[in-house]
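And the structure:
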């Protein structure tokens, strides 16, 4: 029997049910790829997600957005890349999918693809077929950001400095746990970002509350309090088997009491029981060229070690 060729289609709202059903069973997907998450910021990103079919069977998805003549594997997500099924899919099919996608994009006037590969810790089963397909298309590595990650199956002990921070928080009567004080925390976070970077959170409070209402089990706030005053917190996304630190902030008094390591210790001891990794997030600026060494050392002091978030560019000739 002749093998059916790969056909590429643009995602449209009428595909929502089919898209979400595929995401539910894929080997490298999470709630980030559900349309209820992706579409909340549709006003900021012109969706150009792709769906690859072999005959009538959907075999891969690419969450993506378009800016001019450049296709980005979706800039509104923590990471990008093709979403692939566990069964009836292999590197041969991936090559065909990438070939078909490149032809489709060129025909629609796109001259460049910026592809943010998914770090392997977010795979439920090995899923690096796309990296080989990138190589075959002459992809150039353009960004390499270092993140710091704990293997929760065998976490390393906190070093002396991190242990001292936890002891300081306890000595000062700090209480740590899950919190629903989103508005209070967003005020702390916003003030910190404004003072340090003259920036605002990527998500507004209203957006975060909306996402929390849609994904209550996957999005959680862990916070430190003393005498009812919120001192700091960490927003955690539960992405497959990974706890990803999304936002971290503290008040001046919170930094004085060194509450952040105490919150992380609580997360590792409690929220980490059903997860495989805790990913602190990247410590880079300038597309990976600048490394915040002090920040990396703090994360390593809590038992983290390096993984990378790589971005590749394909020039469509």
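In the working numbering, the protein residues as written are 398 to 714.
Built from N, CA and C at the ideal position, the CB exists for glycine as well.
- In this structure, 429 is the residue among 451, 429, 666, 512 with its C-alpha nearest to the C-alpha of residue 611.
- A straight line joining the alpha-carbon of residue 621 with that of residue 581 spans about 12 Å.
- Judged by DSSP in its simplified three-state form, residue 641 adopts strand.
- Scanning its chain for C-beta atoms nearer than 7 Å, with the 5 sequence neighbours on each side dropped, one finds around residue 472 the residues 442, 462, in chain order.
- Here residue 536 carries a coil assignment [DSSP, helix/strand/coil].
- Taking a 10 Å sphere around the C-beta of residue 539, we find fewer than 16 other C-beta atoms and assign the residue as exposed.
- In the three-state reduction of the DSSP assignment, residue 598 falls in the coil class.
- The DSSP-derived three-state label of residue 410 is helix.
- Taking the Cα positions, residue 534 is about 21 Å away from residue 407.
- Spatial neighbours of residue 587 in its own chain (CB-CB distance under 7 Å, excluding positions within 5 residues in sequence) are listed in chain order as 597, 598.
- Annotation for residue 503: the continuous alpha helix (DSSP H) segment containing it runs 488 to 504.
- Residue 445 and residue 569 have their C-alpha atoms spaced approximately 51 Å apart.
- For residue 452, no beta strand (DSSP E) encloses it, and the DSSP letter there is neither H nor E.
- Here residue 530 has 491, 492, 495 as same chain residues with Cβ atoms under 6 Å from its own Cβ, once five neighbours each way along the sequence are excluded.
- Straight-line spacing of the CA atoms in residue 681 and residue 693 works out to 9 Å.
- In the three-state reduction of the DSSP assignment, residue 507 falls in the coil class.
- The beta strand (DSSP E) runs lying completely inside the stretch 536 to 619 and spanning 3 residues or more are 537 to 548, 572 to 576, given in chain order.
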